[in-house]
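Here the sequence shown is numbered in the UniProt record's numbering, starting from 13 and rising by one per residue. Here the structure comes first, spelled out in structure tokens, and everything after it is commentary.
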Amino acid sequence: HQTAVIVVAAGSGTRLGYGIPKALVPLAGRSLLEHALDRIQLAGCAAQVIAVLPEDEAELAAIAANHPLRPHWVSGGATRNDSVRAGLAALEPGTERVLIHDAARALTPPEVFRQVVSSLLAGAQAVIPVVPVVDTIKQVATDPGRQPHVTGTPARDLLRAVQTPQGFHAPTLLAAHQQATDWDRAKAEAITDDAMLMEILGERVDTVPGAAAALKITTKPDLVLAESMLPAHPP
Ligand code: CTP
Ligand code: MG
């Protein structure tokens, strides 16, 4: 009967290029972290919210401390996965469901959070928001010293781009992370999201519809696009 949301916000925002952590970058006068927390608050589905922040980042810590959600905050690690683990370590004992969310998807509509939680309440072990893919995607082979060449084209109508929040039955996700602790570096680095960890361990991962507004703000044009969406997606 208890849902926690972990917002990972400990990245440096190198590709955005503001010279400050991405979660601190303003969008219409509010930091990306605040935008993300606003929408989690509106979704109204979290008993506990954990913000994972860059180490020694007083400004973001102050933003977390002053937000009406009063998130608990912890320091993140060198990789996103390290930051997720830091967040998981702060979960209250007995947490039943956990959502892992990127602060970089600052405008994710509250409805997406609610749909992920509904799906977990209906019995899913893992659930991710997805959107159709617009580009044709090719698989390539990269042989040393040669130009990569195409080896196949997966059917586009079966492909989806993945967003966050990704939701999990908390004990299952904790067990999956536990199992992955002694994996070698190459295997650990191949895990690019939490759902993938569940897939590898043979757990079923369900999907719910994502949203255009849940785009990951990665580069400057993404920030411009997000700003243009704000009137239609107020907090
Ligand atoms: N993240 C994190 N800890 C890290 C790396 C990333 O908590 N060590 C978080 C980011 O804050 C972001 C999300 O994971 O909310 C997705 O990462 P990404 O978009 O790559 O953000 P950054 O790593 O900050 O950006 P860049 O890769 O351009 O430096
Ligand atoms: Mg990154």
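By construction, the Cβ of each residue, glycine as well, lies at the ideal position given by its N, Cα and C atoms. Source: prediction; values computed, not measured.
Counting Cβ pairs closer than 8 angstroms, one from the stretch 175-185 and one from the stretch 204-213, do we hit at least three? With the cut-off at 8 angstroms, the stretch 175-185 and the stretch 204-213 touch.
Given VAL128 as reference, the closest of VAL20, THR176, ASP194, ALA192 once Cα atoms are compared: Among VAL20, THR176, ASP194, ALA192, the Cα nearest to that of VAL128 is on THR176.
Proximity to LEU134 [Cα-Cα], best of PHE180, GLU201, GLY31, THR26: A small fix is needed here, since residue 134 is Ala in this sequence, not Leu. Ranking PHE180, GLU201, GLY31, THR26 by Cα distance to ALA134 puts PHE180 first.
Among the candidates ALA63, ARG109, GLU104, ALA59, whose CA atom is the shortest distance from the CA of ARG92? Taking only the C-alpha atoms, the option nearest ARG92 is ALA63.
Helix, strand or coil at THR230 [DSSP, three-state]: In the displayed model, THR230 falls within coil according to three-state DSSP, outside both helix and strand.
Touching by the beta-carbon criterion (3+ pairs, under 8 angstroms), the stretch 138-158 and the stretch 72-92: Segment contact: the stretch 138-158 against the stretch 72-92, fewer than three CB-CB distances shorter than 8 angstroms; contact not assigned.
Would you say ASP114 touches the ligand CTP, meaning its beta carbon is less than 6 angstroms from a heavy atom? Indeed, a heavy atom of the ligand CTP lies less than 6 angstroms from the Cβ.
CA-to-CA distance, HIS113 to PHE125, given in whole angstroms: Roughly 9 angstroms separates the two Cα atoms.
Need the endpoints of the beta strand (DSSP E) that GLN178 sits in, please. In the DSSP assignment, GLN178 falls within the unbroken beta strand (DSSP E) covering 178-181.
Can you round the beta-carbon distance between GLY41 and PRO33 to whole angstroms, since I take them to be within the 8 angstroms contact cut? In this structure GLY41 is not in contact with PRO33, their Cβ atoms being roughly 17 angstroms apart against a cut-off of 8 angstroms.
If we count the other Cβ atoms within 10 Å of its Cβ and call it buried at 16 or more, is ALA58 buried or exposed? The residue in question, ALA58, is buried, as its Cβ has 16 or more Cβ neighbours within 10 Å.
On the DSSP letters alone, give me the boundaries of the beta strand (DSSP E) that PRO144 sits inside. Run containing PRO144: 138-144, per the beta strand (DSSP E) assignment.
Just how far apart, CA to CA, sit ALA224 and GLU71? Rounded to the nearest angstrom, the two C-alpha atoms are 29 angstroms apart.
Taking the continuous beta strand (DSSP E) assigned at HIS79, which residues delimit it? Note, HIS79: premise wrong, no beta strand (DSSP E); not H, not E.
Through-space distance from THR165 to VAL86, alpha-carbon basis: Those two C-alpha atoms are separated by around 42 angstroms.
Beta-carbon spacing of LEU111, VAL20 below 7 angstroms: For LEU111 and VAL20, no; Cβs fall outside 7 angstroms.
Report the rounded CA-to-CA distance for GLY56 versus GLN14, giving the unit in angstroms. Going by the C-alpha atoms only, they are around 12 angstroms apart.
Going by C-alpha to C-alpha distance, which of GLN53, THR230, ALA101, GLY88 sits closest to GLU69? Checking every option, the nearest Cα to that of GLU69 belongs to GLY88.
Within the stretch 31-92, note down every full alpha helix (DSSP H) run reaching 4 residues or more, in order along the chain. Runs of the alpha helix (DSSP H) lying entirely within the stretch 31-92 and spanning at least 4 residues, in chain order: 44-55, 70-78.
Kindly indicate the opening and closing residues of the beta strand (DSSP E) around ARG109. In this chain, the beta strand (DSSP E) harbouring ARG109 covers 109-114.
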